[in-house]
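Right, one structure below, let's go through it.
Residue numbers (the working numbering): 523 to 1271.
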C-alpha cells in the first residue's frame, strides 16, 4: 500500500505565483467554508451534548446493535469525507473569491483525512463509553467493534469508487494512479487501469478555447480553461456524492422491504444522511454565490417560501367514514351501566416512550395485584375511563387494545407481557427514515406529494405504522365505543390541542355535553361528524410534539375546518382537565336524574340514600419524578431576556399545570365530598398517584436496556415506597379490606 499524496488530474499543471496567505485571508476562508465547518462542529458535539445537556432527548440515539453500528459508522465517515472535499474546494480555488490559494497542490494528505475522520470519533465511540448505560456485555461490545470495522470498510470502498471514477475521467497519466489513494491489490490495479484509460486531453482543447470566450465568473474555480474539464476536486466531490447517493438509495429500498417497526437501520444513520445532503446542497450554493456576495440565506428563504406556499408541503393525517351512527355514550350512560361496581378513572401524563412504558407498567401491574389480592372485582373490570396525553396515550392505547371488540369478549390478560415488550421498543428508526427521505424533500419539492399516499407519508405516519404493526392495533376510534355503554370496556379520552386556537380537542369514545355557561373542550366528532379516525392516528395526534412528529391536519374538503393538531400537553399535560369535566358531568346528571325520580314519588315511598357511586378512585400516573424543591432565584445577565419567554412557557407547561390540576381535583372532591356507606359518611372521591421516581428517564421514542429495567424495578419497589396509594386501590376493589381506614384523609398530590 502506498501513501496518499496526489489526486489524479491535479489542477496545478502550472502553479500560480506564490502569494502569502495572511491572517485576514484565513478569516475569509473560514467564512467561505462555513457550511462544512458548522456541520463538522455539530457532528463532533452531538455525542457530547447527548450525554450532557440533552441527555434525556438524545442519548438513546446511540443505542446500536451490530448492523446499526455498521451503517452509522459508514455514514459518519462518509459525512466526514464530504466535509473534507467541500472545504478543500474552497481552499483550492481562492482565485474565485479574490484570495490567494490556501492549497497550492491538489493533494489529499493522510493528515487531512485523519483529522476529518476525527470528527466522527466521539460518535463512533460513545456506545462503548456508555456500555453500562446501554447494558452492553462483552460479547455485544465485540460485535459492535466489528461493526465499526465493517462500517469503516464500507466507507472506504465508496471513497475508493469516487477516486476511481475521477481517475477514469481524467487525461491518461495525469498522476500516478498507484500513489493517488491507499489501495491493496486488486484495487491498486483498478486505479492503474483507470489512469491509463482516461480522457484524451488533446480532443478537448477546442472546448477550452470556447470556454475562455465566456464570462470568467461563470467557470472560474469550476473548469480547467485548457481543456474545459471540471477541476479534479469538483469531479472527485461529484463522483463521491453519486456513489454515496447510490448507497443511500439502497438503504431506502432496504427500509421499504422491512415492515414498519422492524427496520434495523438506526435513526442516527438517517441523521448522518440528512447532514450529508445539507452539506452537498448548501456548500454548492455557497461556492456559487459567495463570489457575488449573495448571502446563502436568500436562496434558502426563496426555496422555503415557494415550498410553504404549496398546500402539498403541509402535513396531513388520514381519516375514515364513520360507520356507526349511534352516538358516543355520555358519562351518565357509562356510570349508570356500572351501578354497584367500584369506579376507577385514570389520568396519565405525557413524556415520550418513558410515559408509555410506565403507563403500561402501572396498569398491568394493578391488574396483576388485583388478581393476587383476590378482590371481588378485578382492576380491568372497574377501570371506567382513561384520560391520556402524549406518551401516556401510547401506553393507554396498548393496554386498551387488550379489551376485545366482540360481544362477550374478555380482557386478554395473557397478552400483557407481549404488550409491555411492544411499547418499550424504539420507534426512532422509522421516524428517522421519514425525516431523511420524505420530510426533507417536502420543504423544497412539495409537488412530489401530489398523490394521497405520498401526501400522508411523513414522520407522524411512520410512527402510526410502527404502533399498528407491533400491537396489531387496527381498529377505528368509534369501534372502541362497543361495550363502553354496557360497562364492558373503559371509555378513553386522548387529549390533543388545536394549534391555531390553543383549545383542547378530545379524541374519545365518550361524549361531553357543551354547557353554554361553561364551554367544554371541542370533540373530534363535533368538528367532523361524518369522519372517524384509526386509533393509532388519534394517539399520534395526542402525542404530536414538534419537531419529532409534525403538526398535521385532516385531508380537507370544501366544508371542513382543517385545523392542525398538536400534543395535548400544550393545554394539559397530566390529562386532568378532561377527566374532571367527565366525572363532574356524570355525577351531576346522575343527581338530576335521581331528583327527578324523587319528585315523582309519593310521600309513602322511600327515597334512596344516594344515587351516586359510593367511591370514585382517581389514579394519576406520572412518568417522571417530581421536581422537588423550587430552584433558588439567581442573578441573570442580559442574555436571559432572549430566552426568558421560552423558559417561562416551559415552566407553565409543567409546574403551573400541576398547580391548576391540583386545585381542580380538590374542587371536585369538595363538591362531591361525601357518600353514605353502611350508615357513615366517607369521602366519595379518592386519589392514588403512581410516580416514576427514577433518574435519567428518556424524553425520546427509544429506551436503553437499563431504562427498561428501571421501569420494572421502580414498580417492584412501590410496596415499600408507596404502600398508601396501593392500599387505596385495594380498598376500592374490596371495601371490606381490613387495612382500609374511613378516617384517613386522602387528596390529590
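Just so it is clear, CB atoms sit at the ideal spot from N, CA and C, and this is done for glycine as well. Computed from a predicted structure; not experimentally measured.
Using 8 Å for Cβ pairs, my map puts residue 1028 next to residue 1045. What's the rounded Cβ distance? Rounded, the Cβ-Cβ distance is 5 Å, consistent with contact.
Nearest-angstrom Cα separation, counted from residue 1088 out to residue 1012: 24 Å
Relative to the C-alpha of residue 967, which candidate in 1230, 834, 796 has its C-alpha closest? 834
List the DSSP bridge partners of residue 597. DSSP output for residue 597 lists no bridge partner at all.
Pick out the complete beta strand (DSSP E) segments inside the region 1083-1125, 3 residues or longer, and give them in chain order. Fully enclosed beta strand (DSSP E) runs of 3 or longer: 1086-1089.
Can you tell me where the beta strand (DSSP E) holding residue 1013 begins and where it ends? It spans 1013-1020 - the beta strand (DSSP E) in which residue 1013 sits, taken as one unbroken run.
If residue 578 and residue 1218 are in contact, beta carbons under 8 Å, what's the gap, nearest whole angstrom? 7 Å
Among the residues of its own chain, which have a CB less than 7 Å from the CB of residue 1102, if the five just before and after it don't count? Result list for residue 1102: 1186, 1187, 1190, in chain order.
Per-residue DSSP class, three states only, for residue 705: coil
With a threshold of 8 Å between beta carbons, is residue 1055 in contact with chain C? Protein chain content of the structure displayed is limited to a single chain, and chain C is not contained in it.
If you follow the alpha helix (DSSP H) that residue 1233 is in, where does it begin and where does it stop? Under the DSSP assignment, residue 1233 falls in the alpha helix (DSSP H) whose first and last residues are 1227-1238.
Given a cut-off of 8 Å, decide if residue 1107 and residue 853 are closer than it, judged by their beta-carbon atoms. yes
In the DSSP assignment, the beta strand (DSSP E) including residue 1222 goes from what residue to what residue? Per DSSP, residue 1222 belongs to no beta strand (DSSP E) and is neither H nor E.
For residue 1133, the three-state DSSP class (helix, strand or coil): DSSP places residue 1133 in coil when its eight states are reduced to three.
Quick check: what's the CA-CA separation for residue 985 versus residue 1223? 10 Å
Given this structure, state the Cα-to-Cα distance separating residue 763 from residue 1034, to the nearest angstrom. Those two C-alpha atoms are separated by around 57 Å.
Identify whether residue 654 lies in helix, strand or coil by the three-state DSSP scheme. coil
Residue range of the beta strand (DSSP E) that includes residue 910: For residue 910, the enclosing beta strand (DSSP E) covers residues 905-910.
By how many angstroms is the C-alpha of residue 866 removed from the C-alpha of residue 907? 7 Å
Which same chain residues end up closer than 6 Å to residue 1111 when comparing Cβ atoms and leaving out the 5 residues on each side of it in sequence? 854
At the level of alpha carbons, what is the spacing between residue 1060 and residue 564? 35 Å
For a test of the three-state rule: what should DSSP assign to residue 1053, helix, strand or coil? strand
What separation, rounded to the nearest whole angstrom, lies between the Cα atoms of residue 1220 and residue 1229? 8 Å
CA-CA distance, residue 880 and residue 1216? 11 Å
If you run the structure through DSSP and keep just helix, strand and coil, what is residue 719? coil
Residue span of the alpha helix (DSSP H) that contains residue 968, given as start and end: Element bounds for residue 968: n/a, residue is neither H nor E.
Residue 592 (DSSP reduced to helix, strand or coil): helix
Based on the DSSP secondary-structure assignment, which residues constitute the bridge partners of residue 1141? 868, 1210
Taking the beta carbon of residue 1051 as the centre, do at least 16 other beta carbons fall within 10 Å, making it buried, or is it exposed? exposed
Using the rule of at least 16 other Cβ atoms within 10 Å of the residue's Cβ for burial, across every protein chain shown, is residue 1231 buried or exposed? exposed
In whole angstroms, what separates the C-alpha of residue 828 from that of residue 963? 13 Å
Measure the C-alpha to C-alpha separation of residue 839 and residue 1056 and round it to an integer number of angstroms. Distance between the alpha carbons of residue 839 and residue 1056 is about 10 Å.
Spatial neighbours of residue 672 within its chain, please: CB distance less than 6 Å, with the 5 preceding and 5 following residues excluded, ordered by chain position. 592
Start and end residues, beta strand (DSSP E) containing residue 853: Residue 853 -> not in any beta strand (DSSP E); alpha helix (DSSP H) instead, spanning 853-859.
Determine, using beta carbons only, whether residue 1192 and residue 1137 come nearer to each other than 8 Å. Cβ atoms of residue 1192 and residue 1137: not closer than 8 Å.
Residue environment, residue 1181, which counts as buried when at least 16 other CB atoms sit within 10 Å: exposed
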